[in-house]
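Numbering (the working numbering), first residue to last: -12 to 148.
In structure tokens, the structure reads:
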């Protein structure tokens, strides 16, 4: 797990809320505090659809327009926390050249990203959850490095905190 302090908040928020940088990820939870608190969970409501949806999780690209509309305006949110889970496609894109991609495919840990905005500061935090206890940290270290490299490849200034 690493914490990246983001120095270019506006650029990072554009990648998160407008561009497609994290669209392949699944939403775990989003909380935004403006004049009132908005909370969004990432589980899909199957009763909403005429036909059963193929996926029981909601992709970030489906939710971000609602979040963006909610925060749009003259004032920035007091607080915003967005927790995403990497999809298989996103994990492959970031880990395929890491040397641990085959190990990732065997173990299938949950790879997480959390974005926290509060007091005019933005941080990205990586995380990993294994199905079983392991002392092997290779996937975790590769995930941390891949996320850091990905954020920099987006042109967003970040430093480890």
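Where a beta carbon is used, it is the ideal one built from N, C-alpha and C, also for glycine. Small disclaimer: the values here were computed from a predicted structure and weren't measured.
The secondary-structure analysis by DSSP pairs residue 87 with nothing; it has no beta-bridge partner. Rounded to the nearest whole angstrom, the CA to CA distance from residue 141 to residue 126 is 22 Å.
Within 10 angstroms of the beta-carbon of residue 123 lie fewer than 16 other beta-carbons, which makes it exposed. Annotation for residue 134: -11, -9, 81, 100, 111, 113 place their beta carbon closer than 8 Å to its own, counting only its chain and skipping 5 residues before and after.
Taking C-beta atoms as the reference points, residue 51 and residue 20 fail to come closer than 8 Å.
Assignment of residue 17 by DSSP, reduced to helix, strand and coil, places it in the strand class. In terms of Cβ geometry, residue 117 and residue 94 form a close pair [threshold 8 Å]. Listed in chain order, the non-local C-beta contacts of residue 76 below 7 Å within the same chain comprise 11, local neighbours out to five positions each way being set aside. Inclusion of residue -1 and residue -7 in the CB contact set at 8 Å is warranted, their separation being smaller than that value.
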